[in-house]
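Chains X and S are the protein sequences, given in the same order.
Reading the first sequence from the start, the letters are residues 1 to 317 in our numbering.
Reading the second sequence from the start, the letters are residues 1 to 285 in our numbering.
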Amino acid sequence: MTSSTLTEAVVTGRPAPRRPVTRRRRPARRGSIAPLVLLAPAIVLVAVFAGYPLVRSIWFSLNDVSVFTGVLDFVGFENFASVIGTAEFYPTLGRTAVWTFGAVSLQLVGGLCLALMLNNRFPMRGVYRGLIMIPWATPSVLVALMWKWILDPNNGVLNQWLLGTGIIDAPIEFLSQNSTALPTLIMIDVWQGIPLFAIMILAALQSVSGELKESAQIDGCGPVSVFRHVVLPAILPTILITTLLRLIWTSNYVDLIFILTGGGPGTSSTTLALESYLTTYKASDFGSGAAYAVIQALFLAVFIALYVRLTRKDANR
Amino acid sequence: MSTSTPTRIRVGRYAGKTGFGIALIGVLALVLGPYLVMLLTSLTPREELVGAGANLIPSEFTIASYEELVTTTPFLSYLRNSLLVAAIAVPITLIVSTGAAIAMSRFDFRGRGAVMIGLLLAQMFPAVLLVISLQGQLRGMGLMDTTLGLALVHAAFATPFATWLLKGFADSIPREIEEAGQIDGASSAQIIRILLLPLLRPGMVAAGTYAFILTWNEFLYALTFTSQTATRTLPVGLHLFIGEYQIRWDLLTAGGVLSVLPVVIGFLLVQKRLVAGLAAGAVKG
């Protein structure tokens with residue numbers, strides 16, 4: 001199975017085009033204990049280190065948690081009330097939306113353009129594809145470090161270049177001004193996120209039937225019209241699912257913001273997920289920190305539900 | 001008239017090709033530029049970086065920053081910890097996810113659909129939500145601030161996608177092979193060990209690399225669950241360096257170059273398989 005058919009099958013839940021026509025025959029081994037034995041280690045590992053902490057954190061959000069003793073004191077929805085009651089709550093919500101939708105929409109546009117570019121034949125395309133994916137495999141700390149240096153107001157390459165070409169007169173402190181901190185973080189995330197987006201869309205593009213495109217051309221469709229009526233409908237499911245996943249991950253992604261600005265200056269780049277971490281560890285308020293994270297998870301639930309709907313066909317196949 | 005048209009088309013096509021080539025190079029420069037800046041900076045003599053208006057390309061190349069990094073900072077210790085965590089987390093991830101993938105691909109059982117959905121959902125919760133209570137839980141288990149504890153957490157977080165990825169590979173292996181084995185009287189365990197596992201090896205390489213990249217790069221858990229030089233991994237160490245050696249960009253970039261090399265090499269070696277899997281399922285990115 002080639003990469004693109006694998007992708008198409010899993011992402012859209014439709015059978016891949018070049019797959020053998022025979023329906024999958026699952027051996028009738030119902031009632032056997034073999035699958036349980038095989039599955040148990042994974043279930044135990046994930047349950048102990050993800051499932052249980054998840055439930056316990058949600059429970060934390062309904063309690064006052066003593067930092068030193070770890071003693072819980074049930075307070076109902078008090079944490080939620082106090083968190084939502086802070087003056088910064090709605091601005092934080094707004095910044096989370098700007099961060100998430102800003103970064104993902106730019107990644108979508110950039111990723112689509114790059115994918116269309118890569119869909120052309122050119123020498124060394126495989127190598128090229130590997131090289132542009134490097135940012136995805138780069139540690140977030142390193143992404144932060146590289147960009148902190150490039151954006152450095154004193155010796156950074158970008159400021160020097162902007163000064164040298166006369167575009168600006170004084171260095172810009174990209175990460176330490178209220179007005180530029182969040183947009184700069186978004187641009188760095190876009191830089192890191194475009195390649196993955198492009199590769200996912202490329203995989204879908206490569207599964208679009210060439211014959212269909214040709215017959216549309218013969219019927220008098222121009223390039224734009226072929227894209228609009230043939231290519232776009234075919235890659236839309238992939239685009240939708242990728243966009244949903246990126247929305248979820250971007251809103252959860254705190255590394256970059258934490259390392260580069262710590263949410264500042266002031267609170268100008270604080271998102272909900274970061275606020276949760278800061279409240280928990282800087283303010284040592286585990287209950288309220290958990291409440292922030294639960295609120296974040298509730299917003300995500302909408303996207304997660306959509307995602308599950310879009311992929312369910314595959315999971316139950 | 002009749003001769004000029006083809007020429008114009010040829011010129012147009014040539015211009016289009018050149019434009020396309022320039023666009024490709026431009027994109028590559030944008031993607032790899034920051035890495036190049038980092039590499040050049042790490043090879044620049046310290047004095048040149050301190051002076052204002054430093055050049056991107058140094059007057060001479062030096063590896064002094066690398067020597068200083070290795071001899072005067074705990075960099076090697078962080079490197080060792082990262083390798084140790086990976087050495088524990090990657091095999092655990094592979095063992096549990098291969099088992100789970102075979103179960104999902106080859107057996108029908110009650111709750112199979114629910115497990116699949118559960119695996120997807122496991123990757124979507126905010127990491128901070130889990131961090132908050134995991135800290136106390138690890139302390140209770142005696143795993144706080146230990147390499148094993150961090151490795152187990154990383155393994156648990158790599159397992160869902162690794163399973164998803166391996167299931168895709170297992171689904172593409174024809175069943176006829178196993179049916180032949182069954183007819184010859186092989187047990188389930190024998191079929192898996194002798195017939196299925198060797199065929200799954202490419203998938204396991206991709207899943208293992210994914211797990212390696214995840215554990216090598218992971219920051220938030222490592223930051224929260226380790227607090228001494230003996231357990232801190234590279235991302236946490238680099239984060240500390242950023243605070244400590246604020247203006248020592250030669251040192252910082254040298255640490256950056258050394259930290260990124262293993263993942264980039266590992267990624268490039270298996271990128272084709274990994275990219276197929278990335279596009280195929282849910283992966284943190």
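Glycine is no exception: its CB is placed at the ideal position from the N, C-alpha and C atoms.
Euclidean distance between Cα positions of residue i and residue j
i       : j       : result
R139(S) : T209(S) : 29 Å
L244(X) : R309(X) : 12 Å
G185(S) : G102(X) : 59 Å
L202(X) : A115(X) : 5 Å
W99(X)  : R232(S) : 30 Å
N119(X) : I235(X) : 13 Å
E88(X)  : L185(X) : 20 Å
S269(X) : L300(X) : 20 Å
G51(X)  : L268(S) : 33 Å
A42(X)  : Q177(X) : 46 Å
V226(X) : Q206(X) : 15 Å
M144(S) : V153(S) : 11 Å
G266(S) : R193(S) : 27 Å
N154(X) : A81(X)  : 44 Å
R13(S)  : I22(S)  : 14 Å
F122(X) : V141(X) : 34 Å
L24(S)  : K148(X) : 26 Å
F20(S)  : M117(X) : 8 Å
L69(S)  : F75(S)  : 7 Å
L306(X) : I247(S) : 46 Å
I57(S)  : D189(X) : 27 Å
A155(S) : T93(S)  : 5 Å
T159(S) : P126(S) : 17 Å
V50(S)  : L197(S) : 56 Å
Y78(S)  : A230(S) : 8 Å
V71(X)  : A297(X) : 24 Å
G111(S) : I248(X) : 26 Å
L108(X) : S188(S) : 45 Å
S209(X) : S172(S) : 21 Å
S276(X) : S288(X) : 8 Å
I134(X) : T271(X) : 27 Å
Rounded Cβ spacing between residue i and residue j (contact assumed at less than 8 Å)
i       : j       : result
T253(S) : T73(S)  : Not a contact, Cβ separation roughly 13 Å.
D250(S) : R46(S)  : 5 Å
W136(X) : P195(X) : 6 Å
A162(S) : S97(S)  : 4 Å
A170(X) : P265(X) : At roughly 18 Å, the Cβ-Cβ gap does not stay under 8 Å, so A170(X) and P265(X) are not in contact.
V83(X)  : V128(S) : Not a contact, Cβ separation roughly 14 Å.
M204(S) : L166(S) : 7 Å
S57(X)  : A293(X) : 7 Å
A170(S) : A101(S) : 5 Å
L158(X) : I150(X) : 5 Å
M146(X) : M124(S) : At roughly 28 Å, the Cβ-Cβ gap does not stay under 8 Å, so M146(X) and M124(S) are not in contact.
F286(X) : I132(S) : 6 Å
A211(S) : A89(S)  : 6 Å
L175(X) : T261(X) : 6 Å
Proximity below 9 Å, CB of residue i to CB of residue j
i       : j       : result
A204(X) : I239(X) : yes
L148(S) : P139(X) : no
I242(S) : A144(X) : yes
T92(X)  : T242(X) : no
A122(S) : V48(X)  : no
A206(S) : V270(S) : yes
L131(X) : L32(S)  : yes
A151(S) : T226(S) : no
G26(S)  : A40(X)  : no
A29(S)  : L36(X)  : no
R246(X) : V44(X)  : no
A290(X) : F60(X)  : yes
heavy atom of the ligand SAH below 8 Å from residue i C-beta
i      : result
A86(S) : The model depicted lacks the ligand SAH and carries no ligand whatsoever.
Got a sec: which bits of the segment 217-236 of chain S sit with their beta carbon under 9 Å from any beta carbon on chain X, in order along the chain? N217, E218, F219, L220, L223, T224, L234, P235 and V236
Any C-beta of chain X within less than 7 Å: which residues of the segment 237-253 of chain S qualify? L238, H239, I242, W249, L252 and T253
Tell me which residues of the segment 170-200 of chain X have at least one Cβ-Cβ distance to chain S shorter than 8 Å, keeping chain order. W191, G193, P195, L196, I199 and M200
Would you list, in chain order, the members of the segment 185-196 of chain S that have their beta-carbon closer than 7 Å to a beta-carbon of chain X? S188
Scan the segment 245-262 of chain X for residues whose Cβ lies nearer than 7 Å to a Cβ of chain S and list them as they occur along the chain. L245, I248, W249, N252, V254, D255 and I259
Residues of the segment 28-39 of chain S whose Cβ lies closer than 8 Å to any Cβ of chain X, in chain order: L28, L30, V31, L32, P34, Y35, V37 and M38
For the segment 75-102 of chain S, enumerate the residues whose C-beta is nearer than 8 Å to any C-beta of chain X, in chain order. I92, I95, V96, S97, G99, A100 and I102
Counting only runs of 4+ residues fully inside the segment 125-208 of chain X, write out the alpha helix (DSSP H) ranges in chain order. 125-132, 134-137, 140-150, 157-164 and 178-205
Just list the alpha helix (DSSP H) runs in the segment 230-283 of chain X, keeping only unbroken ones of 4 residues or longer that don't cross its boundaries, in chain order. 232-252, 255-260 and 272-281
Using a beta-carbon distance cut-off of less than 9 Å, what residues from the segment 123-145 of chain X approach chain S? G126, V127, Y128, R129, G130, L131, I132, M133, I134, P135, W136, A137, T138, P139, S140, V141, L142, V143, A144 and L145
Which residue spans inside the segment 19-83 of chain S form an unbroken alpha helix (DSSP H) run of at least 4? 46-50 and 64-72
Which residues, taken in chain order from the segment 134-149 of chain S, show a beta carbon closer than 8 Å to some beta carbon of chain X? L134, G136 and Q137
Residues of the segment 76-100 of chain X whose Cβ lies closer than 7 Å to any Cβ of chain S, in chain order: none
Mind checking the segment 196-210 of chain S against chain X and listing, in chain order, the residues whose C-beta falls within less than 7 Å of any C-beta there? none
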